[in-house]
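J.: Got a structure for you, written out below as structure tokens; questions coming shortly.
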Amino acid sequence: MQRTGDLKLIQELNRSIILRTIRDYGPISRSEIAKKNSISATTVTAAVRELIQQGLVYEDGVGKSSGGRKPILIKFFSDSKFIITVAITNSYILIAETNLEAKT
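See below:
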């Protein structure tokens, strides 16, 4: 039973690494994500599929290829979720809204 917990933890860590890579380097192909992180292409494909279903990333056209099939580029969807913060003091109320890249 311990193996299942370990597998789920590894999958979650891989998704986190893949999401960070897409955010930092996107638009980026699945094969580039796999190479940058030494993660199998199968793992990247499965994680990207989940991230697309969650609305955190999306396919953003095709990239260049020197031969073979052109890669589909994946991009981070920073406006998929928003963070609202509120600071209340005796003299003022401050409200801020940011997207997942901390941009207003």
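Take 1 as the starting number for the sequence shown in the UniProt record's numbering and just add one per residue.
Cβ atoms here follow ideal geometry from the backbone N, Cα and C, with glycine treated the same way.
Residues in its own chain within less than 8 Å of V62 by CB, not counting five upstream and five downstream?
T.: K70, P71, I72, L73
J.: Thinking just about the alpha-carbon of each residue, which of P27, L19, A96 is nearest to the one in A46?
T.: L19
J.: Which residues in the same chain as M1 place their Cβ atom closer than 6 Å to its Cβ, once the five residues preceding and following it in sequence are excluded?
T.: Low per-residue confidence applies at M1: pLDDT is 45, beneath 50, and the placement is therefore not dependable enough to give any value.
J.: Considering only their Cβ atoms, is the gap separating F77 from L56 smaller than 8 Å?
T.: yes
J.: Nearest CA to the CA of L100: which residue from V86, Y92, S80, N90?
T.: S80
J.: In chain order, what residues of the same chain have a beta carbon less than 6 Å from the beta carbon of T85, not counting five sequence neighbours either side?
T.: Counting only residues of its own chain and dropping the five nearest sequence neighbours on each side, T85 has a CB closer than 6 Å to the CB of A96.
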